[in-house]
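If you read the sequence shown in the numbering used here, its first letter stands for residue 1, the second for the next number, and so on.
Even glycine gets a Cβ: it sits at the ideal position worked out from N, Cα and C.
As the structure is a computational prediction, the values presented were derived from the model and not from experiment.
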Amino acid sequence: MKKIAYLMEYPIDLPGGAQMSTLSVCEGLAHRPGAGYAPVVICPALLNSKPEDYPFPVREYPMGENRIVNLLIRAKHFKKILKEERPDLIHIEMQESLITYGFIRKSFRDIPYVFTERGLMFGYRKRSRFFMDPALRDSRMMITTTEFNKGLWTEGSDIRPIMVIPNTISDKYFGQYDPSKRHVPGPAEKPVIGLAGRICVEKDWPFACDFIDALAEAGIDFKVAIVLSTFEKGDDEQVDIILRRIRKAVGEEDLEYHLNYDQAQMSEFYYGVDIFLMTSCFESFGKAAVEAMSRKCAVVSTAVGGLPEVVGLEENIYEKKDMNKGVEAVRKLASDREKLLSQQEYFYRRYMDNYTEDKYIDAHVRLYDEFT
1 MKKIAYLMEY PIDLPGGAQM STLSVCEGLA HRPGAGYAPV VICPALLNSK PEDYPFPVRE
61 YPMGENRIVN LLIRAKHFKK ILKEERPDLI HIEMQESLIT YGFIRKSFRD IPYVFTERGL
121 MFGYRKRSRF FMDPALRDSR MMITTTEFNK GLWTEGSDIR PIMVIPNTIS DKYFGQYDPS
181 KRHVPGPAEK PVIGLAGRIC VEKDWPFACD FIDALAEAGI DFKVAIVLST FEKGDDEQVD
241 IILRRIRKAV GEEDLEYHLN YDQAQMSEFY YGVDIFLMTS CFESFGKAAV EAMSRKCAVV
301 STAVGGLPEV VGLEENIYEK KDMNKGVEAV RKLASDREKL LSQQEYFYRR YMDNYTEDKY
361 IDAHVRLYDE FT
């Protein structure tokens with residue numbers, strides 16, 4: 001059994017795309033002993049879990065008070081734990097972990113390493129790239145989650161080789177589809193438009209509210225179901241502003257809202273959504289869109305980052321400067337039940353063909369086979 005060490009700068013039980021994707025591949029390998037790989041995660045101290053809660057080893061290290069202190073702490077513990085574990089391959093899952101490993105990589109010349117790039121090339125500051133690029137040049141492979149981002153790196157850097165492994169979502173919560181839970185609007189019933197995400201600049205909630213206003217002004221009858229996640233000080237005030245604006249557009253009776261849902265609750269939430277709306281101004285991949293697809297939601301999305309590639313249906317992709325195209329896409333789905341049902345089937349098939357956890361794990365096994 002060959003050992004793969006995963007380097008992270010956040011606890012694996014902290015909700016987030018990189019953590020959830022790492023958890024997916026580690027659980028998949030742990031449950032597939034025939035693949036021949038034993039994962040071990042090296043991350044900061046867990047928040048709400050214990051290492052024994054996982055079907056693979058989790059090696060914890062402490063966190064410091066600021067970025068520089070954290071880098072020094074990480075470097076010390078990465079070096080110590082890697083010497084103890086002696087993995088056959090190192091898989092670096094986050095940017096700060098790549099920068100940290102770059103400072104100690106000469107101590108492990110005999111161990112190949114790969115890096116998964118989960119952002120977008122133009123999203124990094126020059127200072128970050130100054131430290132990232134030397135480590136990337138020494139890596140055996142950089143993995144991006146979309147062809148779009150691979151193209152950015154191919155055209156804008158000398159980093160090679162680069163491959164694509166699309167992201168996935170939790171098989172534990174989204175793997176099984178239950179048709180009895182899927183909301184199917186009747187002929188006289190208002191369709192449900194869904195929104196979900198963290199309170200952050202990237203999700204652009206003011207624009208989401210503008211879009212809901214535009215739908216109402218266009219005379220479309222609909223309900224809104226929304227899940228908002230708070231984390232930082234001031235987020236609760238932003239939630240109040242968002243809900244107040246949507247309530248004004250559709251009325252109290254047509255607004256359903258929830259806060260801080262976990263993955264199990266999100267899985268249930270999407271069953272009740274007919275059209276899922278992405279209004280982000282920045283997305284490297286767009287896992288929420290894939291979660292919605294897995295529950296047979298039609299997806300209408302902004303044309304940012306990797307979202308057009310993930311959604312894959314040009315008529316449902318709109319530029320933020322041309323909101324009317326997005327409004328028209330929603331109008332057609334809201335007024336044509338057969339078209340809505342057809343698109344829901346399309347998106348579910350797209351999820352099954354491209355983004356399941358099995359396909360994600362298979363791709364990683366092929367990658368690991370190449371370097372171990």
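Is the Cβ-Cβ distance between residue i and residue j less than 8 Å?
i       : j       : result
Tyr-261 : Lys-181 : no
Lys-3   : Asp-110 : no
Thr-356 : Thr-168 : yes
Leu-120 : Ser-284 : yes
Ser-229 : Gly-197 : yes
Gly-102 : Phe-130 : no
His-56  : Val-41  : The sequence shown places Phe at residue 56, not His. Yes; because the gap between Cβ atoms is below 8 Å, this pair is in contact.
Phe-276 : Ala-289 : yes
Val-299 : Phe-222 : no
Leu-7   : Phe-78  : yes
Ser-301 : Met-266 : no
Ser-139 : Tyr-360 : no
Tyr-177 : Ser-342 : no
Phe-282 : Val-304 : yes
Pro-11  : Pro-44  : yes
Leu-255 : Ile-246 : yes
Pro-191 : Ala-334 : yes
Glu-309 : Thr-154 : no
Ile-212 : Val-239 : no
Ile-226 : Leu-195 : yes
Gly-36  : Met-1   : yes
Met-352 : Ala-214 : no
Under DSSP, the alpha helix (DSSP H) around residue i begins and ends at which residues?
i       : result
Cys-297 : Here Cys-297 belongs to no alpha helix (DSSP H), and DSSP marks it neither H nor E.
Met-323 : 323 to 335
Ile-241 : 235 to 250
Arg-32  : Where Arg-32 is concerned, there is no enclosing alpha helix (DSSP H), given that its DSSP letter is neither H nor E.
Cys-209 : 205 to 217
Gly-151 : 147 to 156
Lys-172 : 171 to 174
Ala-264 : 263 to 271
Asp-369 : 357 to 371
Pro-413 : Since the first residue shown for the chain is 1 and the last is 372, residue 413 is missing from the structure and cannot be characterised.
Using CA atoms only, rank isn't needed, just tell me which of the options is closest to residue i.
i       : options                              : result
Leu-136 : Glu-268, Leu-120, Pro-161 and Met-20 : Pro-161
Ala-5   : Pro-44, Leu-72, Met-20 and Arg-86    : Arg-86
Met-163 : Met-141, Arg-105 and Ser-128         : Met-141
Val-184 : Ser-301, Lys-339 and Leu-98          : Lys-339
Cys-200 : Gly-234, Leu-367, Lys-190 and Gly-34 : Gly-234
Ala-75  : Lys-106, Glu-237, Arg-32 and Asp-210 : Lys-106
Glu-328 : Val-239, Asn-66 and Ala-216          : Ala-216
His-91  : Glu-232, Asp-213, Tyr-61 and Ala-38  : Ala-38
Arg-67  : Tyr-54, Asp-53, Glu-96 and Gln-343   : Glu-96
Lys-83  : Glu-60, Phe-108, Tyr-257 and Asp-178 : Phe-108
Val-114 : Thr-144, Arg-125 and Ser-128         : Thr-144
Gly-306 : Glu-117, Met-352 and Trp-205         : Glu-117
Thr-100 : Glu-252, Leu-71, Gly-312 and Phe-174 : Leu-71
Gly-175 : Asp-158, Lys-296, Lys-80 and Pro-33  : Lys-296
Arg-366 : Pro-51, Met-20, Ile-165 and Ile-73   : Ile-165
Glu-61  : Ile-73, Lys-50, Tyr-54 and Asp-53    : First, the amino acid is wrong: residue 61 is Tyr here, not Glu. When only C-alpha atoms are compared, the closest one is Ile-73.
Val-58  : Cys-26, Glu-65 and Arg-32            : Cys-26
Gln-206 : Lys-325, Arg-244 and Lys-172         : Per the sequence shown, the amino acid found at residue 206 is Pro instead of Gln. It is Arg-244 whose Cα lies nearest to the Cα of Pro-206.
So who's on the other strand from residue i, going by DSSP bridges?
i       : result
Met-142 : Phe-115 and Ile-162
Phe-347 : Answer by DSSP bridge pairing: none, since Phe-347 is not bridged.
Phe-276 : Gly-194 and Val-299
Val-224 : Ile-193 and Leu-255
Val-58  : Val-41
Val-318 : With the sequence shown as reference, residue 318 is identified as Tyr, and Val is not the correct amino acid for it. Partner(s): Thr-302.
Lys-339 : DSSP lists no partner for Lys-339.
Lys-2   : Tyr-37
Ser-180 : Paired residue(s): none; Ser-180 is not in a bridge.
Ser-229 : Arg-198
Between which two residues does the beta strand (DSSP E) containing residue i stretch?
i       : result
Glu-256 : 255 to 259
Quick check: is any heavy atom of the ligand GDP less than 7 Å from the C-beta of residue i?
i       : result
Ile-143 : The ligand GDP is absent from the structure shown, which contains no ligand whatsoever.
Which ranges would you report for the alpha helix (DSSP H) in the stretch 60 to 105 if only whole runs of at least 4 residues count?
67 to 85 and 95 to 104
Could you pull out every unbroken beta strand (DSSP E) segment of at least 3 residues lying fully inside the stretch 4 to 50, listed in chain order?
37 to 44
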